[in-house]
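**Q** Numbering (the working numbering), first residue to last: 23 to 125. We put the beta carbon where it would ideally sit given N, CA and C, even for glycine.
1. Specify, as a first and last residue, the run of the alpha helix (DSSP H) that residue 81 falls within.
2. Excluding five sequence neighbours on each side, which residues of the same chain lie with their C-beta closer than 7 Å to the C-beta of residue 96?
3. Just tell me which of 71, 104, 73, 83 has its CA closest to the CA of residue 36.
4. Mind checking whether residue 31 and residue 109 have CB atoms under 8 Å apart?
5. To the nearest angstrom, report how far apart residue 107 and residue 50 are at their CA atoms.
6. Excluding the 5 residues preceding and the 5 following residue 34 in the sequence, name in chain order all residues of the same chain whose CB lies nearer than 7 Å to its CB.
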């Protein structure tokens with residue numbers, strides 16, 4: 023297991039646990055409503071949407087290059103945001119073939 027995979031798994035576990043707790047505590051709609059609460063919150067929401075769009079455009083090319091069906095990932099990003107991106111990166115990392123060691 024490489025360092026990148028460990029960092030991705032830790033990030034996914036911590037952010038996923040926090041997101042799950044928040045979802046149970048306030049609900050899905052309330053999370054979105056918070057983004058529209060004031061101009062500062064809206065700026066953060068817009069920034070997150072832009073970042074997800076940029077990463078998703080990279081993900082589309084990466085998935086096509088790897089022969090992965092991309093539409094489920096796009097739907098997942100649209101509904102869960104960066105959680106889906108983190109899962110994609112973990113799956114991508116796990117699918118990598120280990121490099122052969124040469125003597």
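**A** Put simply:
1. 61-88
2. Cβ within range, chain order: 78.
3. 104
4. no
5. 18 Å
6. 108, 109, 112
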